[in-house]
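Mapping of the sequence shown onto our numbering: residues 993 to 1407, in sequence order.
Report on one structure; see the data block that follows.
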Amino acid sequence: MWCSRLLSYPLSQGQCSSYRARAALAQLNHVLEAELESIRGAGTWKSERIITSKQGPHIHVEGSRGEILNFCANNYLGLSSHPEVIRSGLEALEKFGAGLSSVRFICGTQNIHKNLEEKISRFHQREDAILYASCFDANAGIFEALLTPEDAVLSDELNHASIIDGIRLCKANKYRYKHMDMQDLEAKLQDAQKHRLRLVATDGAFSMDGDIAPLKEICSLAQKYQALVFIDECHATGFLGPNGRGTDELLGVMDQVDIVNSTLGKALGGAAGGYTTGPKALIDLLRQRSRPYLFSNSLPPAVVGCASKALDLLMESNAIAQSMVAKTRRFRSKMAAAGFSISGNDHPICPVMLGKARLASVMADDMLERGIYVIGFSYPVVPKGKARIRVQISAVHSEDDIDRCVEAFTEFFIQ
Ligand code: PLP
């Protein structure tokens, strides 16, 4: 058998297919190397620093000496390494094992999963809740299950990638309204009147800018045009609002927002996991139809144990939820006084706007040398020309930690 016209000697069938496989791999490598080089060339390469300790305000990072002050975790309440949260995770691991080796509807539901779902719905004051392996999955699984070609979804243009992907998967009519622009949303709602259901989807707090969706206005438009409201509360659950219930509590519209998706992987213990909470009929439907729920493993008991304890702590007292506010204000006002432009308002996500991608990345490296861990964000995570360093404040930062971070920013420009 002759494998190719280029070869002048015969090959066995096995040799021939292995030659083709190697050629395909070489071609793939060629394509990938060009793509990777273009990312490096654009100065947008994202490298991963390696942490060698628990998550927390003070961490150890491979290649850096001593303790580093961490300002880039979504550990808003410091619960990722809270002793009671860890103990609860360990107890669940001991009692319920490493994992279920099953999806929920086969043999993957334990009483701790049901208890956590009940606790989540009580926390958010909704009828029911359903757990997912992540909020990415919750967002990927809701729109397709809920909306048909008869329906419409109206989505803020800056919504999180997982909402965008979830909407891509559904067959509803899609409208994208300008970021937090209520005139544009109203125009789109008017156009969407011809459809059966209308669902407005927005992040509660936007993770790249630290700005908060105008939920009061969104809810009143939703009432006017008979639309449902969906919010993604990943950067709000546990700390926004007087009792940390989220953006809907902060803005006084808990009874007007229909569906909340959020994560257990940020303020609520930081392990992993996500959920949808809302009307019981919706949750029942998701258990029957939502693909990331039906076709993915159950949350590991240790993760359930950690999140469950985090919710207990927040429901016992609002002190943790409130403890971060003053620290956020301190950072924002000191940075503004030093001449920096910080996007958003009153949210612990404090994006220090720098413009150029390379400046954001060089500055972040320089800050690490000064013992401060922050990360530069650039295109495609944020729009071109809007590179920034995103500083995230946690309840467990001390005032001294905050002041050291501000000093490191100012020193960069006077060195
Ligand atoms: N939604 C928003 C707004 C997020 O910031 C994130 C995480 O980055 C997600 C969803 C996904 O959450 P998870 O990490 O639980 O998948």
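We put the CB at the ideal spot given by N, CA and C, even for glycine.
Using a Cβ-Cβ cutoff of less than 7 Å, which residues in the same chain neighbour residue i once the five nearest sequence positions on both sides are dropped?
i	result
F1198	L1150
H1171	D1148, E1149, L1150
A1228	G1196, A1197, G1238, T1239
F1063	I1364, Y1365, V1366, V1383, Q1384, C1397
A1328	I1334
L1213	M1174, L1177, E1178, L1181
D1245	The sequence shown places Val at residue 1245, not Asp. Same-chain partners within the cutoff: L1207, K1208, C1211.
G1230	Y1068, L1069, G1236, A1259, L1260, L1306, A1313
Reducing DSSP to helix, strand and coil, say where residue i ends up.
i	result
N1021	helix
S1226	Checking the displayed sequence, the identity of residue 1226 turns out to be Cys instead of Ser. In this structure, C1226 counts as coil in the three-state DSSP scheme.
I1394	helix
M1345	strand
V1366	coil
N1107	helix
Y1068	coil
G1033	helix
L1260	coil
V1249	coil
L1092	coil
S1254	strand
L1003	coil
V1354	helix
L1232	coil
Going by DSSP, what residue range makes up the beta strand (DSSP E) through residue i?
i	result
Q1384	1379-1384
R1190	1190-1195
Y1285	Counting along the chain, Y1285 falls outside any beta strand (DSSP E), though it belongs to the alpha helix (DSSP H) covering 1283-1286.
I1334	From DSSP, I1334 is part of no beta strand (DSSP E); its letter is neither H nor E.
A1121	1120-1124
G1266	1266-1270
N1062	1060-1062
Could you spell out where the alpha helix (DSSP H) holding residue i opens and where it closes?
i	result
L1085	1075-1088
G1297	1293-1308
T1044	Careful: T1044 lies outside any alpha helix (DSSP H) and carries neither H nor E.
L1242	1239-1242
R1096	1096-1099
Q1314	1311-1315
Once you ignore the five residues that flank residue i on each side, which residues in its own chain have a CB closer than 8 Å to its CB?
i	result
I1042	V1053, E1054, G1055
I1156	S1147
L1277	A1137, L1138
Round the Cβ separation of residue i and residue j to the nearest angstrom and send it over; I've been treating them as touching at under 8 Å.
i	j	result
D1143	R1188	5 Å
L1303	L1242	About 18 Å; that fails the 8 Å criterion.
Q1047	G1257	That belief does not hold up - the Cβ atoms of Q1047 and G1257 are roughly 11 Å apart, past 8 Å.
S1290	S1094	6 Å
G1265	L1123	6 Å
E1040	H1050	E1040 to H1050, Cβ: 20 Å. No contact.
With a CB to CB cut of under 6 Å and the five nearest residues on each side skipped, what residues in its chain are close to residue i?
i	result
S1353	G1368
E1209	M1174
G1070	S1386, A1387, V1388
P1141	K1163
G1233	E1241, L1242
R1362	A1400
F1332	V1344
I1275	D1120, I1122
S1288	A1125
If you measure from the beta carbon of residue i to each beta carbon in chain B, is any gap under 8 Å?
i	result
R1118	In summary, chain B is missing from the structure at hand, where a single protein chain is found.
Ligand 3 and residue i: does any heavy atom of the ligand fall closer than 7 Å to the residue's C-beta?
i	result
N1131	No copy of ligand 3 appears in this structure; the ligands present are ligand 1.
Task: Length-filtered (4 minimum) alpha helix (DSSP H) runs lying within the segment 1128-1206 - done: The qualifying runs are 1153-1161, 1174-1183.
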